[in-house]
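Enquirer:
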Amino acid sequence: MRIALVGQPNCGKSTLFNQVAGYKAHTGNFPGTTVAYTESKVRLQGEVVDVVDLPGTYTLAGTNPAERVTLRYLASTDVDVIINVLDATHLSQGLDMTLELLELQRPLILAVNLLDEADRLGLRIDGPRLQRELGVPVLPLVASKGRGVRSLFNAAFQAARNPQPITRPRYGRDVEDALAGLAEALRGTTTPLHPEATALKLLEGDNELAAETERTTPALRPKAEQAQRDLAERRGQPARWVVWGERHGLAGNLEHLVVTQGERRTSWRDRLDDVLLHPVAGYLALILILLAFFQVVYATGNAVEPPLLALFGTWTARLHATLAGQSLLDTVAIGLLQGVAGGAAIVMPYLIPFLLGLGFLEDIGYLPRLAFLMDALMHRLGLHGKSVVPFILGYGCSVPAVMSTRILENRRDRFLAAALSTLIPCSARLVVVFGLVAAYVGPWAAAAIYVLNLFMIAVTGRVLSGMMHEESPGLILEIPPYRLPAARSVLAKAWYRVREFMVEAWPAMIVGSLVLGLLTFFGMTRWLDLAARPLTWVLGLPAATGVPLAFGILRKELSLVMLGQALGTLDFDLVLTQAQMITFAVFVVFYVPCLATLVVLRRELGWRAMGSVAALATIVALVVALAVRGGLFLAGI
Amino acid sequence: MRLTDARTGAQLTLQALPVDPIAEGQVRSLGLAPGGAVRLLRRAPFHGPLLLEVGGRVIALGWKIASGLEVSPVPSPGSESG
Chain A
47 MRIALVGQPN CGKSTLFNQV AGYKAHTGNF PGTTVAYTES KVRLQGEVVD VVDLPGTYTL
107 AGTNPAERVT LRYLASTDVD VIINVLDATH LSQGLDMTLE LLELQRPLIL AVNLLDEADR
167 LGLRIDGPRL QRELGVPVLP LVASKGRGVR SLFNAAFQAA RNPQPITRPR YGRDVEDALA
227 GLAEALRGTT TPLHPEATAL KLLEGDNELA AETERTTPAL RPKAEQAQRD LAERRGQPAR
287 WVVWGERHGL AGNLEHLVVT QGERRTSWRD RLDDVLLHPV AGYLALILIL LAFFQVVYAT
347 GNAVEPPLLA LFGTWTARLH ATLAGQSLLD TVAIGLLQGV AGGAAIVMPY LIPFLLGLGF
407 LEDIGYLPRL AFLMDALMHR LGLHGKSVVP FILGYGCSVP AVMSTRILEN RRDRFLAAAL
467 STLIPCSARL VVVFGLVAAY VGPWAAAAIY VLNLFMIAVT GRVLSGMMHE ESPGLILEIP
527 PYRLPAARSV LAKAWYRVRE FMVEAWPAMI VGSLVLGLLT FFGMTRWLDL AARPLTWVLG
587 LPAATGVPLA FGILRKELSL VMLGQALGTL DFDLVLTQAQ MITFAVFVVF YVPCLATLVV
647 LRRELGWRAM GSVAALATIV ALVVALAVRG GLFLAGI
Chain B
6 MRLTDARTGA QLTLQALPVD PIAEGQVRSL GLAPGGAVRL LRRAPFHGPL LLEVGGRVIA
66 LGWKIASGLE VSPVPSPGSE SG
């Protein structure tokens, strides 16, 4: 037996799933899409049944992949009963899809969830009335507390065992006439959905379904198109709008019948947006929140990094002593250890607090509001508000930044956001800016580099989006209510992203470190300095900076350490002028992202995108560094 | 009138979805339908997004998409409360 959970996003469907999911829960993708579903085996009344958690959608209109795969999954005969989870606080929205589910005429159970939240909002829901109106079982549920879960699944089990006839909603006379005509044409053929549901979807203009039915019933498509035209002419709007509008109206009427609005208790959550989304105060709050966020991250990182580095330093020294005389083995071992140290002592101290803070902002509900506030500004870069997330992540590490572009809808936006977010100085590049420029030239110079960086990202964004013919689809985003974050959820999210870093990026860092060690061992760094000489010459840098620049690609966080090794001193004042320090730092900030980022870019967006981002970064780095060198020369620095 | 021309705080009825099929799909996939009730909660400055209340949920719509939505004001604002 198979039970499918269906509902709108954030209705508590996955919470319900997690309440029952057993030992064999696994997540998969629908073939040919990136839409994920989770499946688990559950023991119910002595029988092992499959429970599948389908992606959250508001409709089955097939306007996006999630809707399409949900519809297809439900249409398949594998599903014995559908549990439709409804959010009691937004019942009419959920009922809209319930009506669509009734049209499929498959065993159906309604679970009205978030009843506690509805109570807080003063909403009272007449479950028995809803059950009478729809003719399917309606059960109360508080999934987060596990209340009603057992009886819900028992009812689902019964509904699958003894399927009851389902009555679909009735539309206006002209719609019903059109449906009857199409259903008649489908008689005797095998249809992907129930014949009436197929007819309705054809009237709604589901192209994929039309193509599918055309194969078995070639005469149907012209007939469906004629029916659409007739209906559109009579109603003065597209046929699909007629169906959507009527269904929405029916859902609204149902809500009026079963929901009574009592007294609403207002809370801090209702007042908060008056400040945080205010046209002036909202932006001030945004600056303060981000400043506090970065302050906490850097303070934590700064406190943790030195002792960890010292610890790895001790281990390196000990390893040196143990392997003395076996110089190649020593090189390999030290290279590997330094790769581990780079991840553990330099990246993790910033990445972990960063991800915890981000998870907190995400769970409290601030990130979508940030997207709302930043949308107009992001449009200037050819993107929309949601792409602010990879930008913020970029200050921590480019790897999660590139990964987070998955939240964007189309490839164009993903590429643009990924390319621009890799130009943001990550915490590894921060080490160079602070360790070299802030320490030897002054904090104002370091701040100027950050401002210059933002300016250049804006310019690059404008140029790139101007070169792309497609336009960004624009912001479309649900703003969830504020919720107090649960520590478990924040920790789980941070761990998930840390694990991604450990699996995707860290191995690349370790290999890079090993390669660097071997090249040094075999005395090949001289050749690299020579090969990089045209670049270092044009930037006015000493020849020895070739190696740190080239190996910055392998391990950006070590650029400064390597610079020290290459120049033979960590007292940079003795070997570099202030202009050289600034030029070096500017170039490091912009040029090719590290190997780990390149690996992730290739995996997320393909070889071509990876190559383009690397080329773009090099060009931007060269142009900006040259401009800075020229500017400093003219300014007499 | 276009949604972007509506008064902040106004209770509106959605008359038409965007003409562009992609934008129409996006708006539809959020559960908006012709004839549905929408309230314009607030707007961000500089042609930024609009914040809408739809069926008790809050949705941010970019300016461009919002300008493709046709709405009409609901005549008696008092009838919505309670």
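From first to last, the protein sequence lines are chains A and B.
For the first sequence, counting from 1, position 202 maps to 248 in our numbering; every step adds exactly one.
For the second sequence, counting from 1, position 65 maps to 70 in our numbering; every step adds exactly one.
Even glycine gets a Cβ: it sits at the ideal position worked out from N, Cα and C.
Since residue 35 of chain B meets chain C, which of its residues come closer than 8 angstroms, beta carbon to beta carbon?
Expert: Absent from the structure is chain C; the protein chains it does hold are A and B.
Enquirer: Would you be able to state if there are at least three C-beta pairs under 8 angstroms between the region 436 to 443 of chain A and the region 623 to 638 of chain A?
Expert: In short, these stretches do not touch, since the Cβ pair count stays below three.
Enquirer: Would you verify that the beta carbon of residue 5 of chain B is, or is not, closer than 9 angstroms to some beta carbon of chain A?
Expert: No answer is possible for residue 5 of chain B: the residues shown for chain B start at 6 and end at 87.
Enquirer: Determine the closest residue to residue 34 of chain A out of A:58, A:201, A:233, A:95, with distance taken between C-alpha atoms.
Expert: Chain A is shown from 47 up to 683; residue 34 of chain A falls before or after that span and cannot be answered.
Enquirer: Is residue 653 of chain A buried or exposed, if buried means 16 or more other CB atoms sit within 10 Å of its CB?
Expert: So residue 653 of chain A counts as exposed.
Enquirer: When the distance is taken between beta carbons, is residue 631 of chain A closer than 9 angstroms to residue 482 of chain A?
Expert: Cβ distance < 9 angstroms, so residue 482 of chain A and residue 631 of chain A count as in contact.
Enquirer: Could you check which residue in B:50, B:45, B:17 has the C-alpha nearest to that of residue 77 of chain B?
Expert: Cα-wise, what sits closest to residue 77 of chain B is B:17.
Enquirer: Would you mind giving the Cβ-Cβ distance between residue 70 of chain B and residue 522 of chain A, rounded to the nearest angstrom? I have them listed as a contact below 8 angstroms.
Expert: With a Cβ gap of about 6 angstroms, residue 70 of chain B and residue 522 of chain A count as contacting.
Enquirer: Using DSSP's beta-bridge definition, name the partner residues of residue 87 of chain A.
Expert: DSSP output for residue 87 of chain A lists A:96 as bridge partner(s).
Enquirer: Do residue 240 of chain A and residue 151 of chain A come within 9 angstroms of each other at the CB atom, strictly closer than that value?
Expert: Cβ atoms of residue 151 of chain A and residue 240 of chain A: closer than 9 angstroms.
Enquirer: Report the neighbours of residue 138 of chain A on chain B: residues whose CB is nearer than 7 angstroms to its CB, in chain order.
Expert: Per Cβ cutoff of 7 angstroms: 60.
Enquirer: Please report the distance separating the alpha-carbon of residue 329 of chain A from that of residue 323 of chain A.
Expert: About 8 angstroms.
Enquirer: I'd like to confirm the pairing. Which residues does DSSP put opposite residue 306 of chain A in its beta bridges?
Expert: Looking at the DSSP assignment, residue 306 of chain A forms a beta bridge with A:170.
Enquirer: Taking the beta carbon of residue 730 of chain A as the centre, do at least 16 other beta carbons fall within 10 Å, making it buried, or is it exposed?
Expert: For residue 730 of chain A there is no data in the structure shown, the boundaries of chain A being 47 and 683.
Enquirer: Nearest to residue 232 of chain A by CA position, among A:220, A:247, A:218, is which residue?
Expert: With distances taken between Cα atoms, residue 232 of chain A lies closest to A:247.
Enquirer: May I ask you to report which of helix, strand or coil DSSP gives residue 48 of chain A?
Expert: DSSP places residue 48 of chain A in strand when its eight states are reduced to three.
Enquirer: Could you give the DSSP three-state label for residue 129 of chain A: helix, strand or coil?
Expert: Looking at residue 129 of chain A - three-state DSSP - the assignment turns out to be strand.
Enquirer: Hey, could you find the ends of the beta strand (DSSP E) residue 65 of chain B is sitting in?
Expert: Residues 62 to 66.
Enquirer: Locate the beta strand (DSSP E) running through residue 16 of chain B, then write down its first and last residues.
Expert: Residue 16 of chain B -> beta strand (DSSP E) spans 16 to 21.
Enquirer: Should residue 407 of chain A be labelled buried (16 or more other beta-carbon atoms within 10 Å of its own) or exposed?
Expert: Buried is the call here.
Enquirer: According to a CB-to-CB cut-off of less than 8 angstroms, which residues of the region 41 to 59 of chain B neighbour chain A?
Expert: Against chain A - using a Cβ distance shorter than 8 angstroms - the residues of the region 41 to 59 of chain B are 41, 42, 47, 49, 50, 51, 52, 53, 54, 56, 59.
Enquirer: Tell me residue 78 of chain B's beta-bridge partners as DSSP assigns them.
Expert: The partner list for residue 78 of chain B (beta bridge, DSSP) reads B:17.
Enquirer: Roughly how many angstroms separate the alpha carbons of residue 67 of chain A and residue 409 of chain A, rounded to a whole number?
Expert: Each residue's Cα considered, the two are about 23 angstroms apart.
Enquirer: Could you name the residues of chain A that residue 66 of chain B contacts, counting a contact when the two beta carbons are closer than 9 angstroms?
Expert: What residue 66 of chain B touches in chain A: 520, 521, 522, 523.
Enquirer: For the candidate residues A:55, A:93, A:98, A:115, whose alpha-carbon lies nearest to that of residue 63 of chain A?
Expert: The candidate whose alpha carbon is nearest that of residue 63 of chain A is A:98.
Enquirer: Could you pull the start and end residues of the alpha helix (DSSP H) that residue 669 of chain A belongs to?
Expert: Where residue 669 of chain A is concerned, the enclosing alpha helix (DSSP H) stretches over 653 to 680.
Enquirer: Taking all protein chains shown into account, decide if residue 191 of chain A is buried (16 or more other Cβ within 10 angstroms of its Cβ) or exposed.
Expert: Counting Cβ neighbours within 10 Å, residue 191 of chain A comes out exposed, since fewer than 16 surround it.
Enquirer: Taking Cβ-Cβ distances shorter than 7 angstroms, what residues in chain A pair up with residue 22 of chain B?
Expert: Neighbours of residue 22 of chain B on chain A, chain order: 287.
Enquirer: Please report how far the alpha carbon of residue 25 of chain B lies from the alpha carbon of residue 436 of chain A, in whole angstroms.
Expert: Roughly 28 angstroms between the two C-alpha positions.
Enquirer: Quick check on this structure: which residue in A:547, A:197, A:517, A:577 has the alpha carbon closest to the alpha carbon of residue 447 of chain A?
Expert: Minimum Cα distance to residue 447 of chain A is reached at A:547.
Enquirer: With a 10 Å radius around its C-beta and 16 neighbouring C-beta atoms as the bar for buried, classify residue 105 of chain A as buried or exposed.
Expert: Buried.
Enquirer: For the alpha helix (DSSP H) holding residue 395 of chain A, just list the boundary residues, first then last.
Expert: That run of the alpha helix (DSSP H) goes 394 to 410.
Enquirer: Taking three-plus beta-carbon pairs below 8 angstroms as touching, is the region 514 to 528 of chain A in contact with the region 24 to 39 of chain B?
Expert: As far as the Cβ criterion goes, the region 514 to 528 of chain A touches the region 24 to 39 of chain B, which means the pair count is three or higher.
Enquirer: Please confirm whether residue 69 of chain A has its beta-carbon closer than 9 angstroms to some beta-carbon of chain B.
Expert: With a pLDDT of 49 at residue 69 of chain A, under the threshold of 50, the predicted position of this residue should be treated as unreliable, though the coordinate-derived value follows. No, because no Cβ of chain B sits closer than 9 angstroms to the Cβ of residue 69 of chain A.
Enquirer: Here's a check: name, in chain order, each residue in its chain whose Cβ is nearer than 6 angstroms to the Cβ of residue 58 of chain B, leaving out the five neighbours to either side.
Expert: Result list for residue 58 of chain B: 44, 46, in chain order.
Enquirer: When you compare each of A:142, A:672, A:647 to residue 660 of chain A by their alpha carbons, which one comes out closest?
Expert: Of A:142, A:672, A:647, the residue nearest in Cα terms is A:647.
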